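K.L.:
In full-length UniProt numbering, the protein residues as written are 1 to 350. The beta carbon of each residue, even a glycine, is placed where N, CA and C say it ideally should be. Nothing here was measured: the structure is a model prediction, and the numbers come from that model.
1. Might you give, ordered along the chain, the residues of its own chain that have their beta carbon closer than 8 Å to the beta carbon of residue 122, omitting 5 neighbours on each side?
2. For the 8 Å Cβ check, are there 3 or more pairs between the region 231-241 and the region 202-222?
3. Within 10 angstroms of the Cβ of residue 187, are there 16 or more other Cβ atoms? Answer buried if so, exposed if not.
4. Output the residue ranges of the alpha helix (DSSP H) runs that lie fully inside the region 236-307 and measure 4 residues or longer, sorted by chain position.
5. Tell me which residues share the same chain as residue 351 and place their Cβ nearer than 7 Å to its Cβ, disregarding the 5 neighbours each side in the sequence.
6. Whole angstroms is fine: what's the gap from residue 147's alpha carbon to residue 290's?
7. Which word fits residue 273, buried or exposed, when buried means at least 16 other C-beta atoms lie within 10 angstroms of its C-beta?
8. I need the straight-line Cα distance from residue 92 to residue 75, nearest angstrom please.
9. Per DSSP, which one or two residues make a beta bridge with residue 173?
10. Name the one or two DSSP bridge partners that residue 189 has.
11. Taking the alpha-carbon positions, what's the residue 299 to residue 216 distance?
12. Spatial neighbours of residue 15 within its chain, please: C-beta separation below 8 Å, excluding the five flanking residues on both sides.
13. Within 10 angstroms of the Cβ of residue 19, are there 16 or more other Cβ atoms? Answer buried if so, exposed if not.
14. Drop a sphere of 10 angstroms on the beta-carbon of residue 168, count the other beta-carbons inside from all chains shown, and report buried for 16 or more, exposed for fewer.
15. Mind checking who residue 26 pairs with in its DSSP beta bridge?
16. Taking C-beta to C-beta, are residue 322 and residue 297 nearer than 8 Å?
17. How is residue 138 classed by DSSP in three states: helix, strand or coil?
18. To which residues of the same chain is residue 171 closer than 8 Å at the C-beta, ignoring the five residues directly before and after it?
19. For residue 51, which residues does DSSP report across the bridge?
20. In whole angstroms, what is the alpha-carbon distance linking residue 45 and residue 126?
21. Would you give the residue range spanned by the alpha helix (DSSP H) that residue 164 belongs to?
22. What did DSSP end up calling residue 232 once you bin it into helix, strand or coil?
23. Tell me, please, which residues DSSP counts as bridged to residue 59.
24. What did DSSP end up calling residue 206 once you bin it into helix, strand or coil?
25. Going by DSSP, what residue range makes up the alpha helix (DSSP H) through residue 73?
26. Assign residue 184 to one of three DSSP states: helix, strand, or coil.
27. Go ahead and pull the three-state DSSP assignment for residue 122.
Given below as structure tokens:
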């Protein structure tokens, strides 16, 4: 596993750092009609700081609506941030023209959740993989054929399957094609947006193992977006937990899973099926608050069993890393982390 970083939200020169997201915010105006009167602001992402090291997998977790995919789309250049800075492989991409998506695509790509919906049913696998190469200036027929064949072998398919259509493959095979399409341009970063949630349970482990193998073989860096902490635990070096547009906890995967210090993180971990867990962590109820009308103070306070008056008044402390690299946005994080450690110990000795 990789060592966690030493700080959050601080721009610095680091040859080991391939991605830095600083104070990222994405706000969308909602309603108001044609003249914009009574228009409200949806803060889909509101002040996110992330770092990704070379060869590392960062797990980005949270419920649907927490802002994970909006962060991903911003990194891909498909959503324009309201504020903040994204530094990708040493280049500040948020200052580039909006039409500069093509050069960005050679550095960062995405694997989508639904392998059937993300593939064109009227295109063969060969066409699906050839088109990005041609768009990015690869014109030699022999080179295109070699790269398509090589990539199909990388993902566990045979080159002769290139002339088939998506409907001729199983769900797991279609996701392998989606992975091949993401990798055909040799990107440095791959964003995996719920890559196994649409697959049968029996196939998920195969795709996860394939992604891990490709990460090592091709020297890739991953951002693994998921609401399933079981998948994240298996793949990630570090984990960032999002709630209502903000990072509420960030740290080394082992620290997050063994000593979670935010009640929302505890609730997500408690949702992982574990027949051996005799002493459950804190659970939570209800749904995400309306992002158009977020609660005062800490956004999680209406669902938090630990909430006090200060939690309902103040949004929580700044997300600053401790010496061990673990950062938490919670007024009672030390107490909550201590209870989580005690709970884990009780479960281990039961």
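P.N.:
Put simply:
1. For the purposes of this step, residue 122 is taken as the residue at position 122 of the chain shown. Excluding positions up to five away in sequence, the list reads 165.
2. Cβ pair count under 8 Å is three or more, so yes.
3. In the chain shown, the residue the question calls residue 187 occupies position 187. Under this definition residue 187 is a buried residue.
4. Counting whole runs of 4 or more residues, the region 236-307 contains the alpha helix (DSSP H) stretches 253-258 and 263-270.
5. Only positions 1 to 350 of the chain appear in the structure, and residue 351 is not among them; the question remains open.
6. The residue labelled residue 147 in the question sits at position 147 within the chain shown. The residue labelled residue 290 in the question sits at position 290 within the chain shown. Per the coordinates, the alpha-carbon of residue 147 lies some 47 Å from the alpha-carbon of residue 290.
7. Your numbering for residue 273 matches position 273 in the chain shown. With fewer than 16 other Cβ atoms within 10 Å, it is exposed.
8. Against the chain shown, residue 92 aligns to sequence position 92. Against the chain shown, residue 75 aligns to sequence position 75. One C-alpha to the other measures close to 11 Å.
9. Reading the chain shown from its first residue, position 173 is the one you call residue 173. DSSP lists no partner for residue 173.
10. Your numbering for residue 189 matches position 189 in the chain shown. Looking at the DSSP output, residue 189 shares a beta bridge with 108 and 221.
11. For this step, residue 299 is matched to residue 299 along the chain shown. For this step, residue 216 is matched to residue 216 along the chain shown. Approximately 38 Å, taken between the alpha carbons.
12. Counted from its first residue, the chain shown places residue 15 at position 15. Nothing meets the Cβ criterion.
13. On the chain shown, position 19 is the one that residue 19 refers to. Burial call: buried.
14. Indexing the chain shown from 1 puts residue 168 at position 168. Burial call: exposed.
15. Position 26 of the chain shown, counting from 1, holds the residue named residue 26. Per DSSP, 45.
16. Taking the first residue of the chain shown as position 1, residue 322 is located at position 322. Taking the first residue of the chain shown as position 1, residue 297 is located at position 297. Not closer than 8 Å, so no.
17. Position 138 of the chain shown, counting from 1, holds the residue named residue 138. It is coil, neither helix nor strand.
18. Counting from one through the chain shown, the residue named residue 171 turns up at place 171. Excluding positions up to five away in sequence, the list reads 115, 116, 198, 199, 200 and 203.
19. For the purposes of this step, residue 51 is taken as the residue at position 51 of the chain shown. Its beta-bridge partners are 20.
20. The count along the chain shown starts at 1 and reaches residue 45 at position 45. The count along the chain shown starts at 1 and reaches residue 126 at position 126. Straight-line Cα distance between these residues: approximately 37 Å.
21. As a working note, residue 164 is residue 164 in the chain shown. Here residue 164 belongs to no alpha helix (DSSP H), and DSSP marks it neither H nor E.
22. Within the chain shown, the letter at position 232 stands for residue 232. Of the three classes helix, strand and coil, the one that applies to residue 232 here is helix, per DSSP.
23. Walking along the chain shown from the start, residue 59 turns up at place 59. Per DSSP, 224 and 239.
24. Locating residue 206 in the chain shown gives position 206, where the first residue counts as 1. Here residue 206 sits in helix by DSSP.
25. The residue labelled residue 73 in the question sits at position 73 within the chain shown. Its alpha helix (DSSP H) spans residues 68-75.
26. In the chain shown, the residue the question calls residue 184 occupies position 184. Of the three classes helix, strand and coil, the one that applies to residue 184 here is coil, per DSSP.
27. Here residue 122 refers to the residue found at position 122 when the chain shown is read from its first residue. Residue 122: coil per DSSP, three-state reduction.
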